[in-house]
Each structure stands twice: as C-alpha cells, then as structure tokens.
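*Asks:* Sequence lines, in order, name chains A and B. The first sequence begins at 1 in UniProt numbering and counts up by one. The second sequence begins at 1 in UniProt numbering and counts up by one. For glycine and all other residues, C-beta sits at the position ideal for the given N, C-alpha and C. Nothing here was measured: the structure is a model prediction, and the numbers come from that model.
2 protein chains.
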Amino acid sequence: MEKIYQGKTKDVYKLENGNVLLKFKDDCTGKDGVFDPGENSVGLTIEGIGKANLETSIKFFEILKEAGIKTHYVSADVDNATMEVLPATVFGHGLEVICRLKATGSFIRRYGDYIADGTVLEGGYVETTFKDDAKGDPLVTKDGLIALGVMSGEMYDSMKEQTLKITRIVADELAKKGLDLYDIKFEFGYNNNEVILIDEIASGNMRVYKDGKIVEPVELTKIILG
Amino acid sequence: MEKIYQGKTKDVYKLENGNVLLKFKDDCTGKDGVFDPGENSVGLTIEGIGKANLETSIKFFEILKEAGIKTHYVSADVDNATMEVLPATVFGHGLEVICRLKATGSFIRRYGDYIADGTVLEGGYVETTFKDDAKGDPLVTKDGLIALGVMSGEMYDSMKEQTLKITRIVADELAKKGLDLYDIKFEFGYNNNEVILIDEIASGNMRVYKDGKIVEPVELTKIILG
Chain A
1 MEKIYQGKTK DVYKLENGNV LLKFKDDCTG KDGVFDPGEN SVGLTIEGIG
51 KANLETSIKF FEILKEAGIK THYVSADVDN ATMEVLPATV FGHGLEVICR
101 LKATGSFIRR YGDYIADGTV LEGGYVETTF KDDAKGDPLV TKDGLIALGV
151 MSGEMYDSMK EQTLKITRIV ADELAKKGLD LYDIKFEFGY NNNEVILIDE
201 IASGNMRVYK DGKIVEPVEL TKIILG
Chain B
1 MEKIYQGKTK DVYKLENGNV LLKFKDDCTG KDGVFDPGEN SVGLTIEGIG
51 KANLETSIKF FEILKEAGIK THYVSADVDN ATMEVLPATV FGHGLEVICR
101 LKATGSFIRR YGDYIADGTV LEGGYVETTF KDDAKGDPLV TKDGLIALGV
151 MSGEMYDSMK EQTLKITRIV ADELAKKGLD LYDIKFEFGY NNNEVILIDE
201 IASGNMRVYK DGKIVEPVEL TKIILG
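See below:
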C-alpha cells in the first residue's frame, strides 16, 4: 500500500479499490507529556488510544449511517486499527467546523462581553476556523470561504446543515450516558461537489460535561465504549 | 443641550426635536503623537481635523442621499463642526462593518496563506468585528451575531446589502480623483427594525491608494475636499 500522508495521529494509505485506509496511531497531540486535543503537535504516546479512537469513531459513524447521513466511513478493522474510507479532498489547507451547543472556550474568550460561560446556544451555532498553528487557527466566515475560493456558498450550506444534524445525533447518544455535549469539531471534505464528513469522531474532538464537570478525553472514551 | 455621550473624536447631544447632534472634535486616535485611525485611544489633536472630517462626511452622505440610500444624516453646520442626525441604537457595545475590495491588512494577517496582498475581492467582501480593544476587535459571523442576540438575520442581510452599495458609491467617487479604495469601515445602527448607516464617512475610515502607494488620512481628506 502506498502511504499518501503521514499525519500527527493517523497515517493515510491508498487502496487499490480507489478508497483510502486510515491507520490510527497511539500518538496524541499534547504538551509536556499531557494529552490535549487542542494542541497542534504530538506530545505523547498512549498505548491503545488509536484503537479506542477508532472504536469510538465506528460507533458514531454507524449511528450516522443508520440515520441516513452519508460520511466517508466504509468499514473498519479494529485489530489492525484501520478504517477504510471514501476518498475526499480537504478544504483549503484544512478547515475545522465547530458546532457549539453551549458557549464556552474560545467562544467566551472572543465574545465573553455578550454571553455568559455555559449559556445554551439555541439550536446550535456553527463556525469554521482554518487549521493554521502560526495564525492561531483564525475564524473564517462563509463569505470569507467563498472570497478565498475555498468553497461555494452551496457547499457551506450543506456542511452547516450536516454539522447541525450530526451534532444533534452525537449529543443525543451522549445524553443516554448522562453526558452533556458542549461543543464538537469536525472535518469535512468533498468528492466532486458532494460534501461529506471525514476524519474521526472521537473524544478528543468534543467537549463534554457530566454532572457539571468536564470529562477528560481518556475517561470520556471509556464511558462512550463502556 | 444634554450631552448624552462623550466619544473619542465626537461628543453627542440630544436635540429637542428628537434628533441627535454630533460635535466633531479635533482629537484623533493615534499613538505616540502619530495619527492612526486604527488605534483605539486619543493620541493627539490636529487643529481643524474635526471640521475636515465633517466636510468629508457631508460630501459622502449627500451623495448617498442622492442615490436614494437613507442614512442617519439630516443636516450639518460646518462652522460649528456639528451634524444633526436621526437617533439610532448601536449594535451590541459597538460593531464595525468592514467592506474589502482588495485583500490587505488584517485580512492578509489572517488568511495570507490563501490569498496575495492586493488581490481584488470580486464584488466586495463584508465582515463584522466587535469594538473590543482588550480582545483585539474579534471577528464575528452573521450566525454569531444572531446567537449572541445582537441582531436578526434580516438585519444582517440589510446591513450587508447597504454596505456593498455604499462602498461601491464611495469607491466610484474616489476613482474620479484617481484614488483606489482598498477597504472601508462603517458603523450601522437601528431605529425600530430599520438598519441605517450612522457615524461618519471620513478618511480615517478607509484605506486608499494612489498610483500604488497608500494615501495617509490627512492627505486623503485634502484630495477628497480639493
């Protein structure tokens, strides 16, 4: 298999059937040996975290499939920590799509004069940021994405609509375990003009609370898979 | 007359007819004695700049009136450096609406990996930032303004449409003097549900080039009024 990309937490291979294979690694983003999904460089290795993230992703991708939402997910091989996915092109040099159900984190750092930490954002609020460590992952608007030639307005609308639906499904699933989803980040890609969810849906991509206290990613994975 | 607000460059009085009087001052925003419209604190006083900004504003507000665009402008008294305007409420704690015809400045600082400095933004690109010195005037999207309860989607659409029209009119006027408008910032307000342009349209609100070189605000005012 030809390795076409070496990522921080996953390697990417090209399959002969035209699909792509993601190999989940045990490397985590973090700083000073502490796991932090918000960090941009690999900070530590946690044995088994690759498989755990894969299993979490499978769980959510299967739920989305049942709900009739097409994603890049095709199948998975947990023993080998691999997931077969549809090929897709990322937007620009990488774009994160964040859906916020409750205001916290960078939203409060930006808009804290207008809203209190923890306030419900009725119906969910969607925003996009460029993956750009040096520039601090800058926020970019729908009009900005169009002006920069990153995507069409129709693609943005489809992405936003899917984001709201998927977030609602993930939040409902977490609620069954007494978990409260505050926000979640996704990555989308496109194949021809079709926009689909790509990458993973794992604990490191979401901010979740239980009984008013934040649940750290490793603990969250245990609860989700338990 | 009752002074209802003391601004950095203007004082605001309440008139008996229900309108509002803006008194243009000679105080300028800047740093270390150098005029800089982008600065947030008063840095120096330039004799006559209040009247010059008022005259520039009158010129543009009159052109907009002729073009059938309603603004807060009612009349002016240049000798006393005052402008009578319709009352309007600002959005949130102050919102700046920027229209960019060519990519430069903070747009390049944020998105320089996607676009070259000076690139034409076809049709104009509109964005909004909160006036918030401590937070570095954060960008806020249409959805963000709605989520924060600052304005409705309809108000945003009206504001964006007016911004594009007004920017085109100002750019065309400047082009008559060989000037090239790169970007311009506005402030809008609302009275009931009607969104109208408020504040001023002066040299400090726009970035203008002539023969490929930026024209400083004091020089720009001379050219516009000359």
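Grab me the residues of residue 115 of chain B's own chain with a C-beta within less than 6 Å of its C-beta, minus the 5 sequence neighbours each way, in chain order.
*Replies:* Excluding residues within five positions, the ones whose Cβ falls inside 6 Å are 103.
*Asks:* In chain A, which residues lie with their C-beta within 9 Å of the C-beta of residue 92 of chain B?
*Replies:* Near residue 92 of chain B (Cβ distances below 9 Å), the residues of chain A are 113, 114.
*Asks:* Provide the residue(s) that pair with residue 76 of chain A in DSSP beta bridges, ordered along the chain.
*Replies:* According to DSSP, residue 76 of chain A bridges with A/83.
*Asks:* Taking Cβ-Cβ distances shorter than 7 Å, what residues in chain B pair up with residue 110 of chain A?
*Replies:* Within chain B, the residues near residue 110 of chain A are 135, 138.
*Asks:* Assign residue 10 of chain A to one of two classes, buried (16 or more other C-beta atoms within 10 Å of its C-beta) or exposed (fewer than that).
*Replies:* So residue 10 of chain A ends up on the buried side.
*Asks:* From residue 47 of chain A to residue 61 of chain A, what does the alpha carbon distance come to, in whole angstroms?
*Replies:* Each residue's Cα considered, the two are about 23 Å apart.
*Asks:* If you reduce the DSSP assignment to three classes, tell me which class residue 153 of chain A lands in.
*Replies:* If DSSP states are grouped into helix, strand and coil, residue 153 of chain A belongs with the helices.
*Asks:* Taking just the CA atoms, how far does residue 65 of chain A sit from residue 75 of chain A?
*Replies:* So the alpha carbons of these two residues sit roughly 11 Å apart.
*Asks:* Residues of chain B with CB under 8 Å from residue 125 of chain A, in chain order?
*Replies:* Residues of chain B passing the Cβ test: 143, 144, 147.
*Asks:* Residues in its own chain within less than 6 Å of residue 91 of chain B by CB, not counting five upstream and five downstream?
*Replies:* For residue 91 of chain B, where only same-chain residues beyond five positions count, the Cβ hits under 6 Å are 150, 151.
*Asks:* If you draw a straight line from the C-alpha of residue 191 of chain B to the C-alpha of residue 59 of chain B, how long is it?
*Replies:* Using only the alpha carbons, I get a separation of about 24 Å.
*Asks:* For residue 45 of chain B, count neighbouring C-beta atoms within 10 Å of its own C-beta (all shown protein chains included) and say buried if the count is 16 or more, exposed if not.
*Replies:* It is exposed - the Cβ of residue 45 of chain B has fewer than 16 other Cβ atoms within 10 Å.
*Asks:* Buried or exposed for residue 83 of chain A, please, with buried defined as at least 16 other CB atoms from any protein chain shown within 10 angstroms of its CB.
*Replies:* Buried, by the Cβ-count rule.
*Asks:* Mind checking which residues open and close the alpha helix (DSSP H) that includes residue 218 of chain A?
*Replies:* That run of the alpha helix (DSSP H) goes 217-225.
*Asks:* Under 7 Å, Cβ to Cβ, is there at least one residue of chain A near residue 21 of chain B?
*Replies:* Chain A, which has no Cβ nearer than 7 Å to the Cβ of residue 21 of chain B, makes this no.
*Asks:* Whole alpha helix (DSSP H) runs in the segment 95-177 of chain B with 4 or more residues, listed along the chain?
*Replies:* Entirely contained in the segment 95-177 of chain B, the alpha helix (DSSP H) runs reaching 4 residues are, in chain order, 106-111, 142-147, 153-175.
*Asks:* My understanding is that residue 129 of chain B touches residue 96 of chain B, with C-beta atoms under 8 Å, so please give their C-beta distance in whole angstroms.
*Replies:* About 5 Å; that satisfies the 8 Å criterion.
*Asks:* Starting from the Cα of residue 50 of chain B, find the closest Cα among B/143, B/25, B/100 and give me that residue.
*Replies:* Comparing Cα-Cα distances from residue 50 of chain B to each of B/143, B/25, B/100, the minimum goes to B/25.
*Asks:* Please list, in chain order, the chain A residues whose beta carbon lies closer than 8 Å to that of residue 121 of chain B.
*Replies:* Chain A residues near residue 121 of chain B: 147.
*Asks:* Are at least three pairs of beta-carbons, each pair with one atom in the segment 191-204 of chain B and one in the segment 115-127 of chain B, less than 8 Å apart?
*Replies:* No, the segment 191-204 of chain B does not touch the segment 115-127 of chain B.
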